[in-house]
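Chains H and E supply the protein sequences, listed in that same order.
By the count of our numbering, the first sequence reaches residue 1588 at its end, each step adding exactly one.
By the count of our numbering, the second sequence reaches residue 1588 at its end, each step adding exactly one.
Glycine residues also receive a C-beta, built at the ideal position from the N, C-alpha and C atoms.
Quick caveat, the model's predicted, so the values are computed rather than measured.
There are 2 protein chains.
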Amino acid sequence: MDNFTFYSPTKFVFGKDTESEAGSLVKAFGGSKVLIHYGGGSAVRSGLMGRVKKSLEASGIPYCELGGVKPNPRSGLVYEGIELCRKEGIDFILAVGGGSAIDSSKAIAAGTLYDGDFWDFYCGKPIEKALGVGTILTIAAAGSEGSGDSVITKEEGMFKRGTGSELIRPKFSILNPALTQSLPAYQTACGITDIMAHLYERYLTNTKDVEVTDRLIEALLLTMKNEGPKVIANPDDYEARANIMWAGTMAHTNSCGVGRSQDWNSHNIEHELSALYDCAHGAGLAVTMPVVFRYVMDHDKARFAQVARRVWEVDTAEEGIEAFKNFLISIGMPQTMGELGGKEEDIPTLVKNLCYGDGRTGTIQGFVTLDEEDCTKIYKNML
Amino acid sequence: MDNFTFYSPTKFVFGKDTESEAGSLVKAFGGSKVLIHYGGGSAVRSGLMGRVKKSLEASGIPYCELGGVKPNPRSGLVYEGIELCRKEGIDFILAVGGGSAIDSSKAIAAGTLYDGDFWDFYCGKPIEKALGVGTILTIAAAGSEGSGDSVITKEEGMFKRGTGSELIRPKFSILNPALTQSLPAYQTACGITDIMAHLYERYLTNTKDVEVTDRLIEALLLTMKNEGPKVIANPDDYEARANIMWAGTMAHTNSCGVGRSQDWNSHNIEHELSALYDCAHGAGLAVTMPVVFRYVMDHDKARFAQVARRVWEVDTAEEGIEAFKNFLISIGMPQTMGELGGKEEDIPTLVKNLCYGDGRTGTIQGFVTLDEEDCTKIYKNML
């Protein structure tokens, strides 16, 4: 096991009706004027926004609002949020939504207190200070509610890039599984896929003798395998929603990924797809992972065979990848790039953005180092 | 799943040579004068204390020392520590040792800032403030490095009682698995047993539909089952020590115990044994758990059968308990109360202390409610 530091000082408040605690939590973590940052109208229509506002009012906390966060959140709205926070003297951002609203909130939190362009943080500059962030999660997927990470897409060039800092880790995250019951099946399945991707990206390691983290990752994969189909069959299954929600958070706090090298090549390969085609990140991952896994399998077949046996109850590396792919299909995920709107003629652009964007110099590095030729083959295998 | 709050703001610094970071960590968490609180001479003889002092000196942090913490730590040394902290103007306590040194440090941290008797906190009074606590762990067992709990034994009457508060949760915990390599096999095995007990106490729940936490607990039990025998066979196996150490911490941060009722009857029944006979807590648990599990098994046989299948690879509740018992014997743990120094004629005293101590009124309540008659039978079954 490698040396590591694990620090996860986010307060998770989990369960039914917990959004009513938003006001007291903001107050406890020092917020005195809040920006509520959210996505589309569903949070308004469902009555959630009303309950959140009521909770803030009950704690005597003034607020303003900025909606309109889209999946694969954009830099344009971040700039707008930064301007609003400065103008209104906001000191705390409350994200209401999924990973997109949370990641956008984190960008605004860091950008508001920075004189330069917030995009600098997504090009490698360390964040030095940030407003406090809290979240009210409405989809189990990204794990951003329990991490210091944020991914934003810059409109010019459609570059999708990430940053990470303890300073933008949520002070608290409110997790009410009931809020996810109204999600369409496709979005639910995208979330399930994203959570499983966070687990596989950690599972694919070159570090030896990591039994405890192997076992924890397998535990969460087994949870997703067993509970995922339940919520697809019955969206109102609160208990299955709850199991998935906590698994999604635990999958990405990194408690199960410490002390080991990690992969993240599937995420990097997928990010180019969702940046160019604006497809759902989870759907892109469903297409990407089985292809990437087959491509890199021979690098450590015993590892793929281990997860095959322990999670998928089959014997070989190949069968395990096939079982995972079939699972993804069974919950309604796509299998090909075409289903995401992808075209063969875009592959050179995808590969160029992937292998030379984000400061890279011709390769992406993870479980296996992949060069332009590898990535071209991988995208072709997704067609 | 029940509603819950999970908050674990301890910074874990894990791996080889990490004790060299003690000084900078104390400083980062606001300590300016430290009490190093430790047990016997092994930390001195091994050179660990020297390295810790060097690290504090390098950060310019003055310190004084209080050694002599014993297993099942006593109130007498806590009073001594409180007096010393007040006299020396200590604002941070650095525990060097296992659960006993850490629990004693937590008691001193709370007691120093309290006008009354610190024992009040162990009789139900909430802690209102405390000095900062950091830990350097030398045995994987108690999980106190990642919890806000503390258990102390009061000499008068030999009452062993616990308290819990976020205020005494360690700010940081340094986990260097190499420090555990010098432990005798018996102490190592006691630690393994204690960790597995923390998992079983959470596994035995009356809450339904808790797949994610079931799976996480099973993952950690599987880790202990696989890695435990390795360190008994080869005490210098760093990798196995590392897997056990992180499993031990994760077993008790409660990330795998949230949202479900828990048991803790085995701990309560054992506490009377280690209070009266001063036996090792882990050894007491090894004798207690199989007997208690057989006694309560019929309350939810399916649950015992589930852990039997998923962890012990046998089919029935009975076989799973037997497999666990045989595992404990295989690592050198005792099977009977007699091996702990226990005597049949003490049973009425044990039962009286158990069922009427700590504010109880004739029963202990957990997975199953047990009365005096039940507890008498259980102690008799341990003979």
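Three-state secondary structure (DSSP) at residue i?
i, result
"residue 1570 of chain E", "strand"
"residue 1261 of chain E", "helix"
"residue 1234 of chain E", "coil"
"residue 1300 of chain H", "strand"
"residue 1337 of chain H", "strand"
"residue 1576 of chain E", "strand"
"residue 1582 of chain H", "helix"
"residue 1542 of chain E", "helix"
"residue 1489 of chain H", "helix"
"residue 1525 of chain H", "helix"
"residue 1191 of chain E", "As displayed, chain E neither begins before 1206 nor continues past 1588, which places residue 1191 of chain E out of reach and without an answer."
"residue 1325 of chain H", "helix"
"residue 1274 of chain H", "coil"
"residue 1565 of chain E", "coil"
"residue 1372 of chain H", "helix"
"residue 1331 of chain H", "coil"
"residue 1530 of chain H", "helix"
"residue 1463 of chain H", "coil"
"residue 1387 of chain H", "coil"
"residue 1588 of chain E", "coil"
"residue 1502 of chain H", "helix"
"residue 1547 of chain H", "coil"
Within the continuous beta strand (DSSP E) that includes residue i, where are the two ends?
i, result
"residue 1180 of chain E", "Because residue 1180 of chain E is not part of the residues shown, which for chain E are 1206 to 1588, the question remains open."
"residue 1269 of chain H", "1268 to 1271"
"residue 1343 of chain H", "Note, residue 1343 of chain H: premise wrong, no beta strand (DSSP E); not H, not E."
"residue 1357 of chain H", "1354 to 1359"
"residue 1379 of chain E", "1377 to 1380"
"residue 1364 of chain H", "1364 to 1369"
Starting from residue i, trace the alpha helix (DSSP H) both ways and give me its first and last residue.
i, result
"residue 1454 of chain E", "1443 to 1455"
"residue 1476 of chain H", "1470 to 1482"
"residue 1242 of chain E", "Looking at the DSSP string, residue 1242 of chain E is not in any alpha helix (DSSP H); the run it does join, the beta strand (DSSP E), is 1239 to 1243."
"residue 1399 of chain H", "1390 to 1408"
"residue 1291 of chain H", "1280 to 1293"
"residue 1306 of chain E", "1304 to 1317"
"residue 1419 of chain E", "1416 to 1438"
"residue 1557 of chain H", "1552 to 1561"
"residue 1248 of chain H", "1247 to 1250"
"residue 1511 of chain E", "1506 to 1512"
Give a single yes or no on whether residue i has its beta carbon closer than 7 Å to a heavy atom of the ligand PLP.
i, result
"residue 1534 of chain E", "Ligands in the displayed structure: none, and consequently the ligand PLP is not present."
Would you please state the rounded distance, in angstroms, between the beta carbons of residue i and residue j? I believe it to be under 8 Å.
i, j, result
"residue 1380 of chain E", "residue 1350 of chain E", "7 Å"
"residue 1251 of chain H", "residue 1278 of chain H", "No, residue 1251 of chain H and residue 1278 of chain H are not in contact; Cβ-Cβ is about 20 Å, not under 8 Å."
"residue 1228 of chain H", "residue 1208 of chain E", "Not quite, the Cβ-Cβ distance comes to about 18 Å (not below 8 Å), so this is no contact."
"residue 1295 of chain E", "residue 1240 of chain E", "5 Å"
"residue 1402 of chain H", "residue 1428 of chain H", "The pair is not a contact, with the Cβ atoms about 15 Å apart (cut-off 8 Å)."
"residue 1211 of chain H", "residue 1411 of chain H", "Their Cβ separation, rounded to whole angstroms, is 20 Å, which puts residue 1211 of chain H and residue 1411 of chain H out of contact at 8 Å."
"residue 1398 of chain H", "residue 1538 of chain H", "6 Å"
"residue 1480 of chain E", "residue 1311 of chain E", "Residue 1480 of chain E to residue 1311 of chain E, Cβ: 18 Å. No contact."
"residue 1309 of chain E", "residue 1242 of chain E", "6 Å"
Does residue i come within less than 8 Å of chain A when only Cβ atoms are used?
i, result
"residue 1448 of chain E", "This model lacks chain A altogether, as its protein chains are H and E."
If we count Cβ pairs, one from each stretch, closer than 8 Å, do we get three or more for the segment 1544 to 1555 of chain H versus the segment 1435 to 1453 of chain H? no
Examine the Cβ distances between the segment 1278 to 1296 of chain E and the segment 1248 to 1266 of chain E and report whether three or more of them are shorter than 8 Å. no
May I ask you to list, following chain order, the residues of the segment 1399 to 1418 of chain E that have a beta carbon less than 7 Å from some beta carbon of chain H? 1414, 1416 and 1417
Name the residues in the segment 1514 to 1543 of chain E whose C-beta lies less than 7 Å from a C-beta of chain H; which are they? none
Quick check: the segment 1350 to 1359 of chain H against the segment 1421 to 1428 of chain H, are at least 3 beta-carbon pairs closer than 8 Å? no
Check distances from the C-beta atoms of the segment 1334 to 1364 of chain E to those of chain H and list, in chain order, the residues that come in under 7 Å. none
Taking 8 Å as the cut-off, does the segment 1233 to 1240 of chain H touch the segment 1389 to 1397 of chain H (at least 3 CB pairs, one atom from each stretch)? no
Okay, do the segment 1490 to 1500 of chain E and the segment 1478 to 1490 of chain H touch, 3+ Cβ pairs below 8 Å being the bar? no
Evaluate the contact criterion for the segment 1334 to 1349 of chain E versus the segment 1293 to 1301 of chain E: three or more CB pairs, one atom per stretch, below 8 Å. yes
May I ask you to list, following chain order, the residues of the segment 1484 to 1497 of chain E that have a beta carbon less than 7 Å from some beta carbon of chain H? none
Could you run through the segment 1431 to 1446 of chain E and flag, in chain order, every residue whose CB is less than 7 Å away from some CB of chain H? 1431, 1432 and 1444
Tell me which residues of the segment 1212 to 1223 of chain E have at least one Cβ-Cβ distance to chain H shorter than 9 Å, keeping chain order. 1212, 1213, 1214, 1215, 1216, 1217, 1218, 1219, 1220, 1221, 1222 and 1223
Residues in the segment 1463 to 1481 of chain H with C-beta within 9 Å of chain E's C-beta atoms, listed in sequence order? 1463 and 1464
Could you tell me whether the segment 1513 to 1532 of chain E touches the segment 1460 to 1477 of chain E, where touching means 3 or more Cβ pairs closer than 8 Å? no
Contact list for the segment 1276 to 1293 of chain H against chain E, Cβ threshold 7 Å: none
Of all the residues that make up the segment 1368 to 1402 of chain H, which are near chain E by a beta-carbon distance shorter than 7 Å? none
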